[in-house]
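Data block below; observations after.
Number of protein chains: 2
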Amino acid sequence: MAIDHLDGRLIVLLAREPRIGVLEASRRLGVARGTVQARLDRLQTNGVIRGFGPDVDPAALGYPVTAFATLEIKQGQGADVRAHLRGVPEVLEMHTTTGHGDMLCRLVARSNADLQRVIDRVVGFEGIMRASTAIVMENPVPLRVIPLVEQAAEDAG
Amino acid sequence: MAIDHLDGRLIVLLAREPRIGVLEASRRLGVARGTVQARLDRLQTNGVIRGFGPDVDPAALGYPVTAFATLEIKQGQGADVRAHLRGVPEVLEMHTTTGHGDMLCRLVARSNADLQRVIDRVVGFEGIMRASTAIVMENPVPLRVIPLVEQAAEDAG
DNA sequence: GAAATCATTGGTCAGACTGCCCAGTGGATA
DNA sequence: TATCCACTGGGCAGTCTGACCAATGATTTC
Chain A
72 MAIDHLDGRL IVLLAREPRI GVLEASRRLG VARGTVQARL DRLQTNGVIR
122 GFGPDVDPAA LGYPVTAFAT LEIKQGQGAD VRAHLRGVPE VLEMHTTTGH
172 GDMLCRLVAR SNADLQRVID RVVGFEGIMR ASTAIVMENP VPLRVIPLVE
222 QAAEDAG
Chain B
72 MAIDHLDGRL IVLLAREPRI GVLEASRRLG VARGTVQARL DRLQTNGVIR
122 GFGPDVDPAA LGYPVTAFAT LEIKQGQGAD VRAHLRGVPE VLEMHTTTGH
172 GDMLCRLVAR SNADLQRVID RVVGFEGIMR ASTAIVMENP VPLRVIPLVE
222 QAAEDAG
């Protein structure tokens, strides 16, 4: 879907100050309220904006340790492994990838010691042959989308 | 910070139906409105809930390709590389890690061909010695926090 | 060129919600 | 026992939402 310049400004504005409503947003953007409402509806319908769920910080929840694990899977065990990983709360996301590993997943844990427990639970499963883990030390660029939105808005004029 | 069982239910509820306000949430949870308000304030003050920003889907924005790149950095060039990566919109996040690579970053691109451009831009920088990229094929477990919240709520009783 | 389509504007309306206040209650603590 | 804290239930004014509407301007289609 193509992103308008106004769409971009709207998303950026909402990202910076989520609490402002449609009315205040329309004031800031200098357009009519109905326009903002229509744009928001469209963005949500097209899936560009998935929702406005709470942005939870695992560290503040008591899980300050993050790690990425690369898994090698026994042929044909993919489906089972997925179900297994889905059942582990500390697995925040999982991707299947090209390259040497077959899967890449993001883990969190309460401590480095606790990470051992999490990894044991993750890899303690039939179809997983090998796992290599990289512990995150710093996160200089936290997950972000705003620059991309601005880029997309720019591209579309 | 410790998470209450009520906190957990509140976060899960808000994650599922972000549009409901404080009042409706209090009805669903069977508590007074003031309680929900107080809990929300506390959760935000303690940083457990960072905010309620729009959840943007890069794929819907025109960037359906995701990849993870592992970078090896020349000693002492860390700071410069960070600034460089921060300036690339397609770099959605970056971590410094233990292990063979020094940095792990998540990239998106408009297509596999476009990914080449992004990678060139990412690695076309002084301090980066080597890069290996894994393209994401499937995402069986999309980024999630709810199970972790439920776990944390459970742990605290 | 003319007609039709579409997004936007600016306005109204009733209903609902928010933020804020208050007094009272119950449990836990000192 | 006295104090503190979280929760309850209530009320208040102000504001916002979602839903409409007619009019305007721009763009596309015939």
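Going line by line, the protein sequences match chains A and B.
Counting in the working numbering, the first sequence runs from 72 upward without gaps.
Counting in the working numbering, the second sequence runs from 72 upward without gaps.
Ideal Cβ placement from N, Cα and C applies to all residues, glycine included.
**Q.** Run of the beta strand (DSSP E) containing residue 212 of chain B, from where it starts to where it stops
**A.** Locating residue 212 of chain B in the second sequence gives position 141, counting from the first residue. Residues 199–212.
Q: Check distances from the C-beta atoms of the segment 112–132 of chain B to those of chain A and list, in chain order, the residues that come in under 7 Å.
A: 117, 118, 119, 120, 121, 122, 123, 124, 125, 126, 127, 128, 129, 131 and 132
Q: With a cut-off of 8 Å on the beta carbons, I'd call residue 168 of chain A and residue 207 of chain B a contact; round off their distance for me.
A: Along the first sequence, read from residue 1 onward, the residue named residue 168 of chain A stands at position 97. Along the second sequence, read from residue 1 onward, the residue named residue 207 of chain B stands at position 136. So it is a contact: roughly 5 Å between Cβ atoms.
Q.
So for residue 116 of chain B, helix, strand or coil by DSSP?
A. What you label residue 116 of chain B is simply residue 45 of the second sequence in a count that begins at 1. If DSSP states are grouped into helix, strand and coil, residue 116 of chain B belongs with the helices.
Q: Starting from the Cα of residue 149 of chain A, find the closest Cα among A:100, A:196 and A:187 and give me that residue.
A: As a position in the first sequence, residue 149 of chain A is number 78, starting the count at 1. Minimum Cα distance to residue 149 of chain A is reached at A:196.
(Q) Determine whether the beta carbon atoms of residue 193 of chain B and residue 178 of chain B lie at a separation below 8 Å. (A) Working through the second sequence from its first residue, we reach residue 193 of chain B at position 122. Working through the second sequence from its first residue, we reach residue 178 of chain B at position 107. Yes; because the gap between Cβ atoms is below 8 Å, this pair is in contact.
Q) Just by C-beta distance, which residues in the segment 156–179 of chain B are closer than 9 Å to chain A? A) 156, 157, 158, 159, 160, 161, 162, 163, 164, 165, 166, 167, 168, 169, 170, 171, 172, 174, 175, 176, 177 and 179
Q) Would residue 103 of chain B be called buried (16 or more neighbouring beta carbons within 10 Å of its own) or exposed? A) Counting from 1 along the second sequence, the entry for residue 103 of chain B is found at position 32. Classification of residue 103 of chain B: exposed, given that the 10 Å Cβ count is below 16.
Q. Taking Cβ-Cβ distances shorter than 8 Å, what residues in chain B pair up with residue 200 of chain A?
A. Counting from one through the first sequence, the residue named residue 200 of chain A turns up at place 129. Result: empty, since nearest Cβ-Cβ is about 17 Å, beyond 8 Å.
Q.
Just verifying my parser: in three-state terms, what is the DSSP assignment at residue 166 of chain A?
A. Working through the first sequence from its first residue, we reach residue 166 of chain A at position 95. The answer is strand: DSSP assigns residue 166 of chain A an E or B state.
Q: Specify the secondary structure class of residue 111 of chain B as computed by DSSP and reduced to three states.
A: Taking the first residue of the second sequence as 1, we reach residue 111 of chain B at position 40. Helix.
Q: Residues of the segment 212–223 of chain A with a CB closer than 9 Å to any CB of chain B: list them in chain order, please.
A: 212, 213, 214, 215, 216, 217, 218, 219, 220, 221, 222 and 223
**Q.** In DSSP terms, what residue 122 of chain B is bridged to
**A.** To locate residue 122 of chain B, count along the second sequence from 1; it is residue 51. For residue 122 of chain B, which the question treats as bridged, DSSP gives the partners A:126.
Q. Does any C-beta atom of chain B lie closer than 8 Å to the C-beta of residue 135 of chain A?
A. The sequence position of residue 135 of chain A within the first sequence is 64, counting from 1. Chain B contact via Cβ: absent.
Q: Express the C-alpha separation of residue 93 of chain B and residue 151 of chain B in angstroms, rounding to a whole number.
A: Taking the second sequence and counting its residues from 1, the one referred to as residue 151 of chain B is at position 80. Taking the second sequence and counting its residues from 1, the one referred to as residue 93 of chain B is at position 22. Approximately 45 Å between the Cα atoms of the pair.
Q. Per DSSP, what kind of secondary structure is residue 132 of chain B in: helix, strand or coil?
A. Taking the second sequence and counting its residues from 1, the one referred to as residue 132 of chain B is at position 61. Residue 132 of chain B falls in the coil class under three-state DSSP.
Q.
Strictly under 8 Å for the Cβ-Cβ distance: is residue 207 of chain A near chain B by that measure?
A. As a first step, residue 207 of chain A must be located in the first sequence, where it is residue number 136. So, interface residue.
Q.
By the three-class DSSP mapping on this structure, what secondary structure does residue 140 of chain B have?
A. On the second sequence, position 69 is the one that residue 140 of chain B refers to. In the structure shown, residue 140 of chain B sits in a strand (DSSP, three-state: E or B).
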